[in-house]
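*Asks:* My questions will all concern the structure given below.
In our numbering, the protein residues as written are 6 to 138.
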């Protein structure tokens with residue numbers, strides 16, 4: 006349900022091309038927004054079967070970081086997806102991020118980009134009493 010509504014789409018074309026769009030997510034998301042990445046080679050779709058893709062992220066002060074694996078959604082067309090994990094989303098503010106691809110010949114890390122985690126709703130808050138007095 007709401008598959009495309011949740012999706013943040015990124016195209017990574019060549020190792021030296023920057024990802025310019027700012028990616029935003031809420032601290033209260035739980036399997037909410039997902040990052041969908043298609044990796045292409047100079048505009049050409051590539052079969053990336055057996056290629057791993059990860060999201061590396063760290064807080065601005067560098068004290069918290071993670072390396073979260075993507076799921077190969079359609080590896081023959083170079084498409085991967087990752088639902089943002091709570092370990093990342095608990096760090097409200099700007100995060101420095103990179104895509105990290107590992108294949109049989111080595112590893113490639115993308116240019117840095119920004120993920121903004123904004124303060125979400127308090128999911129543990131109780132519903133307010135809406136009775137009139």
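Don't be surprised by glycine CBs; every beta carbon is placed ideally from N, CA and C.
With distances taken from CA atoms, which of 125, 101, 30 and 112 is nearest residue 68?
*Replies:* 101
*Asks:* Can you give me the Cβ contacts of residue 84 inside the same chain, cut-off strictly under 6 angstroms, excluding the 5 residues immediately before and after it?
*Replies:* 43 and 78
*Asks:* For residue 98, which residues from the same chain have a beta carbon less than 8 angstroms from its beta carbon, with the 5 sequence-adjacent residues on both sides left out?
*Replies:* Contacts found: 64, 65, 121 and 122.
*Asks:* Residue 123 bridges to which residues according to DSSP?
*Replies:* 31
*Asks:* Given a threshold of 16 other Cβ atoms within 10 Å of its Cβ, counted over all protein chains shown, does residue 94 qualify as buried or as exposed?
*Replies:* buried
*Asks:* When DSSP labels each residue in this structure, what does residue 92 get in the three-state scheme?
*Replies:* helix
*Asks:* In the DSSP assignment, what are the bridge partners of residue 68?
*Replies:* Answer is none; residue 68 lacks a bridge partner.
*Asks:* Report the rounded CA-to-CA distance for residue 86 versus residue 126, giving the unit in angstroms.
*Replies:* 25 angstroms
*Asks:* Identify whether residue 86 lies in helix, strand or coil by the three-state DSSP scheme.
*Replies:* strand
*Asks:* Using the rule of at least 16 other Cβ atoms within 10 Å of the residue's Cβ for burial, across every protein chain shown, is residue 115 buried or exposed?
*Replies:* buried
*Asks:* Just the Cα atoms here: how many angstroms apart are residue 108 and residue 34?
*Replies:* 31 angstroms
*Asks:* Using only CA atoms, which one of 14, 32, 28 and 17 lies nearest to residue 124?
*Replies:* Ranking 14, 32, 28 and 17 by CA distance to the CA of residue 124 puts 32 first.
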